[in-house]
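Trainee: Pasting in a structure now, in structure tokens, and then I'll have a few things to ask.
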Amino acid sequence: MTTSRQPSQLDPEIAARLKRGADGLVPAVTQQYDTGEVLMLGWMDDEALHRTLTTGRATYWSRSRREYWVKGDTSGHVQHVKSVALDCDADTVLVRVDQVGAACHTGDRSCFDADVLPLGQ
Numbered sequence: 049m050t051t052s053r054q055p056s057q058l059d060p061e062i063a064a065r066l067k068r069g070a071d072g073l074v075p076a077v078t079q080q081y082d083t084g085e086v087l088m089l090g091w092m093d094d095e096a097l098h099r100t101l102t103t104g105r106a107t108y109w110s111r112s113r114r115e116y117w118v119k120g121d122t123s124g125h126v127q128h129v130k131s132v133a134l135d136c137d138a139d140t141v142l143v144r145v146d147q148v149g150a151a152c153h154t155g156d157r158s159c160f161d162a163d164v165l166p167l168g169q
């Protein structure tokens, strides 16, 4: 893993469209491609997006560890990328994957399973 962000080989046309936060990152919502289940939220810079598009494996930038990580390299819970799309404002990426095993670091299938908030309260 690389511990500092590096210049990217992301297609310049895609890079020009991205609207990044002050930290150079865009949120990446990850969804199971065939069911629509939302699995997790990660962060990508240009290089993480480039790696995701070119390798077919979801790659993120870890804000806490300050390094790139390929989902599943240590856990075995791989995300095989089926498609990647920008939202209408080009400030969020949707990564549609075929998830093998749990997507959440807690071992849950989705990071959004454990704390469903009550409505109408």
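Numbering (my numbering), first residue to last: 49 to 169. Positions of the beta carbon are idealized from the N, C-alpha and C atoms, including for glycine. Quantities reported herein were computed from a predicted structural model and do not represent experimental measurements.
Three-state secondary structure (DSSP) at Thr102?
Mentor: Note: Thr102 maps to helix in three-state DSSP.
Trainee: Buried or exposed: which applies to Asp94, given that a residue is buried once 16 or more other Cβ atoms fall within 10 Å of its Cβ?
Mentor: With 16 or more other Cβ atoms within 10 Å, it is buried.
Trainee: Need the endpoints of the beta strand (DSSP E) that Glu115 sits in, please.
Mentor: Counting along the chain, the beta strand (DSSP E) containing Glu115 begins and ends at Glu115 to Val118.
Trainee: If the criterion is Cβ atoms closer than 9 Å, does the pair Leu101 and Ala76 meet it?
Mentor: Their beta carbons are not under 9 Å apart, which means Leu101 does not touch Ala76 by this criterion.
Trainee: Examine the Cβ distances between the region 150-165 and the region 80-89 and report whether three or more of them are shorter than 8 Å.
Mentor: As far as the Cβ criterion goes, the region 150-165 touches the region 80-89, which means the pair count is three or higher.
Trainee: Gly120 and Val129 - do their beta-carbons sit closer together than 9 Å?
Mentor: No; because the gap between Cβ atoms is not below 9 Å, this pair is not in contact.
Trainee: Go to Pro60, then tell me how far its beta strand (DSSP E) extends in each direction, as first and last residue.
Mentor: Counting along the chain, Pro60 falls outside any beta strand (DSSP E), though it belongs to the alpha helix (DSSP H) covering Pro60 to Arg65.
Trainee: At the level of alpha carbons, what is the spacing between Pro60 and Tyr81?
Mentor: About 27 Å.
Trainee: Looking at C-alpha atoms only, which residue of Asp71, Arg157, Val141 and Gly104 is the closest neighbour of Thr83?
Mentor: Ranking Asp71, Arg157, Val141 and Gly104 by Cα distance to Thr83 puts Arg157 first.
Trainee: Between Asp137 and chain E, is any beta-carbon pair separated by less than 9 Å?
Mentor: In the structure shown, chain E does not exist; there is a single protein chain.
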